[in-house]
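Asker:
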Amino acid sequence: MAEKQGLAPIPAGSPGPNGAGPGGLSSRSSGELTEGQIHTAFLIRRVEQALLRLFSEGRLYGTVHTCIGQELIGVAVAEGLRQGDWVFSNHRCHGHFIAHTDCVEGLIAEIMGKRTGVCGGWGGSQHLCEGRFFSNGIQGSIVPVAAGLALGEKLRAAGNISAAFIGEGTLGEGAVYEAANIAAKWDLPLLIVLENNHYCQSTAQAETIAGDIAQRFAALGIRCFEADCWHARQLFETAAAAAEFVRHESRPAFLRVDTYRLMAHSKGDDDRDPREVQAYWEKDLLEQFAKRHVATTQPLLAEVDARINRAVADGLAAEDAQVVRPGVADGCDSVPVRWHKATIASKDRFSQAIRDCFERQMEKDPRIVLLGEDIRSPYGGAFKVTKGLSDKFPSRVRNTPISESAIVGLGNGLALHGMRPVCEIMFGDFLTLAFDQIANGAAKFPGMYNGKVQVPLIVRTPMGGGRGYGPTHSQSLEKHFLGLPQTRVLALNDRVHPGEIYDRLFATIDRMTLVIENKLMYARRPSGETAEGFVLEHSDEPFPTVRLRPEGRADVTVVCYAGTLPMVEEAALRAFDQMEIAVEVICPVQLYPLNPYPALESVARTGRLLVVEEGLAFAAWGAELIARIVEIAPGRLEKAARRTAPAHPIPSSGPLEKAVLPNVDSILRSIAELAGHVGDDGDAGDAQRV
2 MAEKQGLAPI PAGSPGPNGA GPGGLSSRSS GELTEGQIHT AFLIRRVEQA
52 LLRLFSEGRL YGTVHTCIGQ ELIGVAVAEG LRQGDWVFSN HRCHGHFIAH
102 TDCVEGLIAE IMGKRTGVCG GWGGSQHLCE GRFFSNGIQG SIVPVAAGLA
152 LGEKLRAAGN ISAAFIGEGT LGEGAVYEAA NIAAKWDLPL LIVLENNHYC
202 QSTAQAETIA GDIAQRFAAL GIRCFEADCW HARQLFETAA AAAEFVRHES
252 RPAFLRVDTY RLMAHSKGDD DRDPREVQAY WEKDLLEQFA KRHVATTQPL
302 LAEVDARINR AVADGLAAED AQVVRPGVAD GCDSVPVRWH KATIASKDRF
352 SQAIRDCFER QMEKDPRIVL LGEDIRSPYG GAFKVTKGLS DKFPSRVRNT
402 PISESAIVGL GNGLALHGMR PVCEIMFGDF LTLAFDQIAN GAAKFPGMYN
452 GKVQVPLIVR TPMGGGRGYG PTHSQSLEKH FLGLPQTRVL ALNDRVHPGE
502 IYDRLFATID RMTLVIENKL MYARRPSGET AEGFVLEHSD EPFPTVRLRP
552 EGRADVTVVC YAGTLPMVEE AALRAFDQME IAVEVICPVQ LYPLNPYPAL
602 ESVARTGRLL VVEEGLAFAA WGAELIARIV EIAPGRLEKA ARRTAPAHPI
652 PSSGPLEKAV LPNVDSILRS IAELAGHVGD DGDAGDAQRV
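Counting in our numbering, the sequence shown runs from 2 upward without gaps.
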């Protein structure tokens, strides 16, 4: 049965780990645990038992993952930490939360879905935030975030540390090792606490974990500590020693604590051998203490239960969570804009303009930290945007391993710490490797923590084709990041100076912002020059929309963004010169939240809309724009079309890549078709050349 279940049953009275007796607490119990430690451990257990009861009564929402049997770990680690330290926990977080905050009332109300909960009822059991305590239900993702918090402490030299709780089931997640590698290389004050309860939900450890657990971290040069839940004094001493090592040495440590979860993974889903579970109940220290010290335990439990009962009663009487949270929800309404003539003073190339902006901002704001692959001198990034910055800011421009998840996770932690991180992803295609940190981290922290935190994180990356880089380096994947809560997506273009965009972003950032930099732009210079008969304008939005309009009446509206703007402009000029079709071009910088007004205003005059983007058509930005226009102003849009990439990988072949991506000829053809222009041969304009 040991091979199948992972742990052999331990009969009552048999030795525990390291030869201890079944209880660990004998007649020397008062010397093993202090009164405060015993009180906190029982408080955690009774709270969770109350939660299970409330769930069975239908008074709670979601799920409940209890740590019954593991309580002493949270208590021991909490004692080893101090007020300025950070804690990041996982789905099984109640014990860590209570040990660190003592906020029983807020926890119970939170799981009841009440406004008086620590996150206003939005986070629930797995997503708690109080002071410097955070938890998240996504396994493994918390370790890079905790490492980012540790990096923030190291940069500020405050002497605080960051602790991350994981279970051994999380050892299958690559983000854990990405973060541990960086923590070891950068000497970050990070303590990783592994609660080794021998099961990943219902699957025994023997089925999922190869080799020695501690050696995984020792191989990275991380100091490893080990303890268990059946030797109280050793556990508390080891946890204190691990925390002190991290704090004093400013280096990471790994603390493995062997334990056993006495209750089901979640509520009642438990298919372990009942004899095995019962054996561990009998050797549990709190159970043994209660039996051996009845006179001490009864008044303690009465006090604890009275507090819990009051908290439950207050929770039941409290109002439910609010539906609308001002300042948290994204606004995508149609907001009128005003236009002014565009002027672009600088003639620097895009890459140099962005680099100069970063240098200027980093001189002013010590909170800005740049993270990415190959961004330090002498290389300066794949497109040389950060060239030379590490010479001037050596501690704030950091080369990372090829670890996109950890890069953005560290950025999340730095942002929670109050820093202003900028994460460079070498190619936009690689954003998929960091999607969890964006979608389940940066995008959700503000909302699920009920507005208690902001994530002022910038993730910048080159997108798009045109350079023959092929299927994994030429995609336009930004559509997959549109619509995430509390996020912003910007796309730079040739008609707005990139330094101005980044200046505004640094000055106002209050959320995770993805900045798309089309790779063809880096060598170009932003320009305000226009052809005769056209006027170039900017809107008064914080991140302006570009409008290139004919001096007379327009026949067709073309909306585009990022690197498609130059080819759209050329197609518009050819449409006017060759077919006398007047085109108005609209090019927003901010893709999300979406303000459809600039496009809607133009469509109200033309009735015809073409949307051009490099990504795949289905569920893309252009589809959302058209849907919004139809919803807001039904009947205004007479004809619409989209010019996008086909639904297959981007080819490496130069001529084939040019043919499959939007190009001047294909855009011109679509313009002609929308305008109803038919040449002598019956085709639309110059479309026969496509």
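Even glycine gets a Cβ: it sits at the ideal position worked out from N, Cα and C.
1) Beta strand (DSSP E) containing arginine 609: first to last residue?
2) Please look up how many angstroms separate the CB atoms of valine 338 and threonine 546, rounded, as I've assumed it's under 8 Å.
3) Just to confirm, is the Cβ distance from leucine 236 to alanine 79 under 8 Å?
4) Let me know the secondary structure DSSP gives phenylalanine 359 once reduced to three states.
5) Please name the residue in Val370, Asn198, Ser528 and Ala600 whose C-alpha comes closest to that of lysine 155.
6) Mind listing, in chain order, the continuous beta strand (DSSP E) runs of no fewer than 3 residues lying wholly within the segment 449-501?
7) Hey, which unbroken runs of the alpha helix (DSSP H) at 4 residues or more fall wholly within the segment 562-636?
8) Assign tryptophan 187 to one of three DSSP states: helix, strand, or coil.
9) Within the continuous alpha helix (DSSP H) that includes lysine 393, where are the two ends?
10) Output needed for alanine 555: all residues of its chain with C-beta closer than 8 Å, excluding positions within five of it in sequence on either side, in chain order.
11) Between the Cα of alanine 443 and the Cα atoms of His97, Asp103, Phe384 and Gly149, which residue gives the shortest distance?
12) Are the beta-carbon atoms belonging to arginine 461 and glutamate 518 less than 8 Å from one another?
13) Measuring only the C-alpha atoms, how far is glycine 677 from cysteine 561?
14) What are the boundary residues of the beta strand (DSSP E) that includes proline 656?
15) Can you give me the start and stop residues for the beta strand (DSSP E) that alanine 165 sits inside?
16) Using only CA atoms, which one of Leu317, Glu169 and Asn198 lies nearest to arginine 217?
17) Of all the options Thr41, Thr64 and Ile162, which has the alpha carbon lying nearest to the alpha carbon of histidine 418?
18) Report yes or no: do three or more beta-carbon pairs, one from the segment 284-294 and one from the segment 97-106, lie closer than 8 Å?
19) Please classify histidine 649: is it buried, with 16 or more other beta-carbons within 10 angstroms of its beta-carbon, or exposed?
20) Would you list, in sequence order, the uninterrupted alpha helix (DSSP H) runs of no fewer than 4 residues that lie entirely inside the segment 404-429?
21) Who does methionine 513 pair with in a DSSP beta bridge?
22) Can you tell me which of the three DSSP states alanine 440 falls into?
23) Extract the residue ranges of the alpha helix (DSSP H) inside the segment 260-318, only unbroken runs of 4 or more that lie entirely within it.
24) Under a three-way DSSP split, which group does alanine 676 fall into?
25) Note down the Cα distance separating glutamate 374 from glutamate 552, rounded to an integer number of angstroms.
26) Near valine 665, what residues of its chain come up, given a Cβ to Cβ distance below 8 Å and the 5 sequence neighbours on each side ignored?
27) For the beta strand (DSSP E) holding threonine 387, just list the boundary residues, first then last.
28) If you check the beta carbons only, do aspartate 392 and arginine 526 fall under 8 Å apart?
29) For glycine 81, which residues of its own chain have a beta-carbon under 6 Å away from its beta-carbon, when the five flanking residues on both sides are left out?
30) Within 10 angstroms of the Cβ of serine 203, are there 16 or more other Cβ atoms? Answer buried if so, exposed if not.
31) Using a 10 Å radius around the Cβ and a threshold of 16 neighbouring Cβ atoms, would you call asparagine 198 buried or exposed?
32) Just the Cα atoms here: how many angstroms apart are alanine 563 and valine 497?
33) Out of Pro190, Ala110 and His101, which one is the CA nearest neighbour of proline 145?
34) What's the gap between the Cα of glutamine 283 and the Cα of arginine 276?
35) With a threshold of 7 Å on Cβ separation, who are the neighbours of alanine 159 within its own chain once the five nearest residues in sequence on each side are excluded?
36) Which one or two residues does DSSP pair with glycine 373 in a beta bridge?
Answerer: The relevant details are as follows:
1) For arginine 609, the uninterrupted beta strand (DSSP E) segment begins and ends at 609-617.
2) Indeed they touch by this definition, with Cβ atoms about 7 Å apart.
3) It is not a contact, given that the beta carbons lie outside the stated cut-off.
4) Helix, per DSSP.
5) Minimum Cα distance to lysine 155 is reached at Val370.
6) Runs of the beta strand (DSSP E) lying entirely within the segment 449-501 and spanning at least 3 residues, in chain order: 459-464 and 488-492.
7) The DSSP assignment places 566-580, 598-607 and 622-633 as complete runs of the alpha helix (DSSP H) inside the segment 562-636, in order along the chain (cut-off: 4 residues).
8) Residue state for tryptophan 187 is assigned as helix, using DSSP reduced to three classes.
9) Annotation for lysine 393: the continuous alpha helix (DSSP H) segment containing it runs 390-393.
10) Listed in chain order, the non-local C-beta contacts of alanine 555 below 8 Å within the same chain comprise Ala583, Val584, Glu585, Ser603, Arg606 and Thr607, local neighbours out to five positions each way being set aside.
11) Nearest C-alpha to alanine 443: Gly149.
12) The Cβ-Cβ distance between arginine 461 and glutamate 518 falls below 8 Å.
13) Cα to Cα, glycine 677 sits roughly 21 Å from cysteine 561.
14) No beta strand (DSSP E) contains proline 656, which is instead part of the alpha helix (DSSP H) from 655-661.
15) Per DSSP, alanine 165 is one residue of the beta strand (DSSP E) stretching across 163-168.
16) Ranking Leu317, Glu169 and Asn198 by Cα distance to arginine 217 puts Glu169 first.
17) For the residues Thr41, Thr64 and Ile162, the minimum Cα distance to histidine 418 belongs to Ile162.
18) Touching, no.
19) So histidine 649 counts as exposed.
20) Qualifying alpha helix (DSSP H) stretches, in chain order: 405-417.
21) DSSP, once it has assigned bridges, lists Thr488 as partnering methionine 513.
22) Helix, per DSSP.
23) Under the rule that a run must span 4 or more residues, the alpha helix (DSSP H) segments found entirely inside the segment 260-318 read 275-284, 286-293 and 295-318.
24) Here DSSP, grouped into helix, strand and coil, assigns alanine 676 to helix.
25) If I take the Cα positions, the gap works out to 47 Å.
26) Here the set comprises Met568, Glu571, Ala572 and Arg575.
27) Run containing threonine 387: none; DSSP gives neither H nor E here.
28) Against a cut-off of 8 Å, the Cβ pair of arginine 526 and aspartate 392 comes out as no contact.
29) Shown here for glycine 81: same chain residues with a beta carbon closer than 6 Å to its own, the five before and five after excluded, namely Ala240, Ala241 and Ala244 in chain order.
30) By the neighbour-count rule (16 or more Cβ atoms within 10 Å), serine 203 is not buried but exposed.
31) By the neighbour-count criterion, in which 16 or more other beta carbons inside 10 Å mark a residue as buried, asparagine 198 falls on the buried side.
32) Cα to Cα, the separation comes out at about 10 Å.
33) Measuring from the Cα of proline 145, the nearest candidate turns out to be Pro190.
34) The sequence given here places glutamate at residue 283; glutamine does not occur at that position. Arginine 276 has its alpha-carbon roughly 11 Å from the corresponding atom of glutamate 283.
35) Shown here for alanine 159: same chain residues with a beta carbon closer than 7 Å to its own, the five before and five after excluded, namely Gly85 in chain order.
36) In DSSP, glycine 373 forms a bridge with Asn400 and Glu425.
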